[in-house]
Amino acid sequence: MTNPYPDARFQPLSGTLTMYDLRTLRDNLDAIREQLGLRGADVPWDRLRTLIEQRRTMMTQAEQLRHELKKGSDEVATLKRGKQPADAAMAAMKAVGEGIKTIEDELRTVEETLTDLNLRIPNLPHTSVPVGKDAGDNKEVRKWGMPPTLTQPAKSHWELGESLGILDFDRAAKITGARFAVMTGAGARLERALINYMLDLHTTEHGYREVLPPFLVNRSSMTATGQLPKFEEDLFRLRDEDYFLIPTAEVPVTNLHRDETFTENALPIRYTAYTPCFRREAGSYGKDTRGLIRLHQFNKVELVTFTKPEQSHEELERLTGHAEAILQGLGLHYRVVALCTGDMGFSAAKTYDIEVWLPSQNQYREISSCSNFEGFQARRGNIRYKGPVGKKDSKSEFVHTLNGSGLAVGRTVVAILENYQQSDGSVLIPEVLRPYMGGLEHITKP
RNA sequence: GGAGAGGUGGCCGAGCGGCCGAAGGCAGCAGUUUGCUAAACUGCCGUAGGGGGAAACUUCUACCGAGGGUUCAAAUCCCUCCCUCUCCGCCA
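Take the numbering used here: the last position of the first sequence gets the number 1591, and nothing is skipped along the way.
1. Do you know whose CA, among Glu1405, Asp1379, Ile1499 and Ala1207, lies nearest leucine 1461's CA?
2. Going straight from the alpha carbon of leucine 1357 to that of threonine 1417, what length do you get?
3. Contact check, valine 1554 vs leucine 1305 under 8 Å by CB: the rounded distance?
4. For leucine 1181, which residues in the same chain have their Cβ closer than 7 Å to its Cβ, ignoring the five residues on either side in sequence?
5. Does DSSP classify glutamate 1350 as helix, strand or coil?
6. Apart from the five residues on each side of it in sequence, which residues of its chain come closer than 7 Å, Cβ to Cβ, to glutamate 1426?
7. I'd like the ranges of any alpha helix (DSSP H) spanning at least 4 consecutive residues and lying wholly in the segment 1430 to 1475.
8. According to DSSP, what are the bridge partners of serine 1514?
9. Where does the unbroken beta strand (DSSP E) through arginine 1415 begin, and where does it stop?
10. Got a sec? Which residues, its chain only, sit under 6 Å from glycine 1526 by beta carbon, not counting five neighbours each side?
11. Our contact map puts leucine 1448 next to alanine 1470 with C-beta atoms below 8 Å; I'd like the distance itself, whole angstroms only.
12. Assess contact between the segment 1270 to 1288 and the segment 1481 to 1488, defined as three or more Cβ pairs (one per stretch) separated by less than 8 Å. Is contact present?
13. Buried or exposed: which applies to leucine 1565, given that a residue is buried once 16 or more other Cβ atoms fall within 10 Å of its Cβ?
14. Give me, in chain order, the residues of the same chain whose beta-carbon lies closer than 6 Å to that of valine 1276; leave out the 5 immediate sequence neighbours on both sides.
15. CB-CB under 6 Å to leucine 1475, same chain, minus the five flanking residues each way: which ones, in chain order?
16. At the level of alpha carbons, what is the spacing between proline 1149 and arginine 1337?
17. Could you check what DSSP says for lysine 1278 in three-state terms: helix, strand or coil?
18. Return helix, strand or coil for threonine 1294, following the three-state DSSP convention.
19. With three or more beta-carbon pairs closer than 8 Å as the criterion, would you say the segment 1237 to 1245 touches the segment 1210 to 1220?
20. To which residues does DSSP link valine 1356 through a beta bridge?
21. Looking at the strands, I want to know which residues DSSP matches up with tyrosine 1530.
22. Which partner residues of phenylalanine 1389 appear in the DSSP bridge assignment?
23. Starting from the Cα of leucine 1383, find the closest Cα among Glu1307, Asn1410 and Phe1423 and give me that residue.
24. Of the residues Ile1561, Val1221, Phe1491 and Asn1548, which one's Cα is nearest the Cα of arginine 1415?
25. By Cβ distance, which residues of its chain are closer than 8 Å to leucine 1412, with the 5 residues on each side in sequence left out?
26. What did DSSP end up calling valine 1577 once you bin it into helix, strand or coil?
27. So leucine 1477 and valine 1501 are in contact, right, with Cβ under 8 Å, and what is the actual spacing, rounded?
28. Looking only at DSSP bridge pairs, what is leucine 1547 linked to?
29. May I ask you to list the residues that DSSP assigns as paired with tryptophan 1289?
30. Over what stretch of residues does the alpha helix (DSSP H) that includes glutamate 1426 continue unbroken?
31. What's the call for glutamate 1249, buried or exposed, on a 16-neighbour Cβ count within 10 Å?
32. Rounded to whole angstroms, what is the Cα-Cα separation between valine 1327 and leucine 1562?
33. What's the C-alpha gap between leucine 1339 and isoleucine 1177?
34. Cutting at 7 Å between CB atoms, please list the residues of its own chain near threonine 1321, excluding the five before and the five after it.
35. Determine which residues share a DSSP beta bridge with glutamine 1566 and list them.
36. What are the boundary residues of the alpha helix (DSSP H) that includes asparagine 1115?
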């Protein structure tokens, strides 16, 4: 029932798989619609229903005609071999062939529309997800640590960074434009130290395998993880190739195993990857216009895992814990929030955000987002697993995919600058980072 | 960027436009033989969707990189695209 190939014709015509198996969709349309609630508000459900039915009837017709054509052609062959006249049979089959072509042309249009609509239906939230309208309905799950006690008024990270000579937004604007940053000196090194610290912790302590993937991906990859077709305006796209800059390592790393089948005992598989991330940030004009919080390009260390369906929710807890471990190592106060149904991303079945404390803003800001996509991406990307070969009942099933930031590096720099700022304007470097900083303990004015 | 070669079932590898869902081999599964292993032999052995059956199963349809076209009929002919390999050029 989770099969994405409702029939063999569907895949080649669409080129990409769909979120919902058409039969599941047809049989449960009203239930799915209801469960999606606000999330599925812009889905044309009735049109979808009609198209599914049309597709079904047309396929039956086409199959019958093709059967006729096949038999007729065999007859022609027999006649010709027996040196009998075959003109009548050939003429009849020509008509049948034309009929098939007509139906298939229509069928193709129907399937294209259907696939496109289907790919725009969001994932179903898990039952444990709090129901709500927007971020205000998210549920705080836990807190760790305490805000720092500052003896001076908290400066923003951009004030600190500019006065310490490690952040340069003016020159970034000159080189490229708004929402870019240049890091120099100890700032650049801090960024690099964080990347290495995160990767080292995840690979040595948490059991992830490091991946360094391409930063440009094709359309199929973006469709599998759910960025396309609905959110193309959020992506940077190349002009001369149908390639996109990745908005997160989730895309290339999850797509490592697109169209692959794991053996059951290979799961779970855990990857960590450092990549830059590129986002258009369309529609966020006026938000976080200063500083490192919202850039078109930022660095991130990502965690991506593939599990069997029954393991995925336990895995989400675990993965979130791995992201938290970074903040704990750095001694940064944070809280974990369970996103409500209305605030979750398109592809997610369940999401925890980790929010770090920012003294200058006197609030928590997102520094990591950890999600379980269940089978949503696996269906779109055709990522399966099956039991040992030879076992009769070892039918392949879709894996569950998960990912989370572990962590967003730029925002971690923000948190360090702000939480570790000293009364003399310098910034203390958390101890775990010092080995990565050549022993440096403070970032001071040059 | 230029020139050439190629993409067929889990793998290797055949395939005059019709009886080709596709020879053969390897691997795998079941069995015979066997003191064990091995070998030998026999059978089975792609995926997906629809119909029938309680089920073993059966029947129809699709799939030979992808998409179009020619034809009564395409793995086979034509066009476009993608990918891989070799050589040349260029480059980190």
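Where a beta carbon is used, it is the ideal one built from N, C-alpha and C, also for glycine.
Let me lay it out:
1. Within the first sequence, residue 1461 is the residue found at index 316, counting from 1. Considering only alpha carbons, the answer is Ile1499.
2. On the first sequence, residue 1357 is found 212 positions in, with the first residue counted as 1. On the first sequence, residue 1417 is found 272 positions in, with the first residue counted as 1. Distance between the alpha carbons of leucine 1357 and threonine 1417 is about 9 Å.
3. Position 409 of the first sequence, counted from the first residue, corresponds to residue 1554. Position 160 of the first sequence, counted from the first residue, corresponds to residue 1305. Contact flag wrong, Cβ pair sits at about 17 Å.
4. Locating residue 1181 in the first sequence gives position 36, where the first residue counts as 1. Pro1267 and Leu1269.
5. The residue labelled residue 1350 in the question sits at position 205 within the first sequence. The answer is helix: DSSP assigns glutamate 1350 an H, G or I state.
6. Position 281 of the first sequence, counted from the first residue, corresponds to residue 1426. Taking glutamate 1426 as the centre and dropping the five residues before and after it, the same chain places the C-beta of Arg1324, Arg1439 and His1441 closer than 7 Å to its C-beta, in chain order.
7. Runs of the alpha helix (DSSP H) lying entirely within the segment 1430 to 1475, each at least 4 residues long, are 1457 to 1475 in chain order.
8. For the purposes of this step, residue 1514 is identified with residue 369 of the first sequence, where counting begins at 1. Its beta-bridge partners are Asp1498.
9. The residue you call residue 1415 lines up with position 270 of the first sequence. Note, arginine 1415: beta strand (DSSP E), 1414 to 1423.
10. By one-based count along the first sequence, residue 1526 stands at place 381. The residues are Ala1369 and Arg1403.
11. To locate residue 1448, count along the first sequence from 1; it is residue 303. To locate residue 1470, count along the first sequence from 1; it is residue 325. So it is not a contact: roughly 11 Å between Cβ atoms.
12. yes
13. Numbered from 1 along the first sequence, position 420 holds the residue referred to as residue 1565. Residue identity check: residue 1565 is tyrosine in the sequence provided, not leucine. So tyrosine 1565 counts as buried.
14. Walking along the first sequence from the start, residue 1276 turns up at place 131. Here the set comprises Thr1486.
15. On the first sequence, residue 1475 is found 330 positions in, with the first residue counted as 1. Within the same chain, leucine 1475 has close Cβ partners Pro1575.
16. Taking the first residue of the first sequence as position 1, residue 1149 is located at position 4. Taking the first residue of the first sequence as position 1, residue 1337 is located at position 192. At proline 1149, the pLDDT of 29 sits below 50, so the modelled position is not reliable; the number obtained from the coordinates is stated separately. Taking the straight line from one Cα to the other gives about 42 Å.
17. Here residue 1278 corresponds to residue number 133 of the first sequence, with the count starting at 1. Lysine 1278: coil per DSSP, three-state reduction.
18. Here the question's residue 1294 lines up with position 149 in the first sequence. If DSSP states are grouped into helix, strand and coil, threonine 1294 belongs with coil.
19. yes
20. As a working note, residue 1356 is residue 211 in the first sequence. According to DSSP, which records beta bridges pairwise, valine 1356 is partnered with Ala1418.
21. The residue labelled residue 1530 in the question sits at position 385 within the first sequence. Tyrosine 1530 pairs with Phe1407 and Glu1542.
22. Position 244 of the first sequence holds residue 1389. DSSP lists Val1362 and Arg1382 as partners of phenylalanine 1389.
23. If you number the first sequence from 1, residue 1383 lands on position 238. Looking at the Cα atoms, Phe1423 is the closest of the given residues.
24. Taking the first sequence and counting its residues from 1, one reaches residue 1415 at position 270. Proximity to arginine 1415 across Ile1561, Val1221, Phe1491 and Asn1548 peaks at Asn1548, based on C-alpha coordinates.
25. As a working mapping, residue 1412 is identified with position 267 in the first sequence. In its chain, beyond the 5 residues on either side, Phe1451, Thr1452, Lys1453, Gln1456, Tyr1530 and Val1544 have a beta carbon closer than 8 Å to the beta carbon of leucine 1412.
26. Counting from 1 along the first sequence, the entry for residue 1577 is found at position 432. DSSP places valine 1577 in helix when its eight states are reduced to three.
27. For the purposes of this step, residue 1477 is taken as residue 332 along the first sequence, with counting starting at 1. For the purposes of this step, residue 1501 is taken as residue 356 along the first sequence, with counting starting at 1. That belief holds up - the Cβ atoms of leucine 1477 and valine 1501 are roughly 5 Å apart, short of 8 Å.
28. Along the first sequence, read from residue 1 onward, the residue named residue 1547 stands at position 402. Bridge partners of leucine 1547: Thr1450 and Asn1517.
29. Translated into the one-based positions of the first sequence, residue 1289 becomes position 144. Answer is Tyr1479, bridged to tryptophan 1289.
30. As a position in the first sequence, residue 1426 is number 281, starting the count at 1. No alpha helix (DSSP H) holds glutamate 1426; DSSP gives it neither H nor E.
31. Within the first sequence, numbered from 1, the residue matching residue 1249 stands at position 104. Result: buried.
32. In the first sequence, counting from the first residue as 1, residue 1327 sits at position 182. In the first sequence, counting from the first residue as 1, residue 1562 sits at position 417. Separation of valine 1327 and leucine 1562 (C-alpha to C-alpha, rounded to the nearest whole angstrom) is 16 Å.
33. Residue mapping note: residue 1339 aligns to position 194 of the first sequence, counting from 1. Residue mapping note: residue 1177 aligns to position 32 of the first sequence, counting from 1. About 42 Å.
34. As a first step, residue 1321 is located in the first sequence; it is residue number 176 there, counting from the start. Answer for threonine 1321: no residue qualifies.
35. On the first sequence, position 421 is the one that residue 1566 refers to. Beta-bridge pairing links glutamine 1566 to Val1572.
36. Within the shown structure, residues of the chain are numbered from 1146 to 1591, placing residue 1115 beyond reach of any answer.
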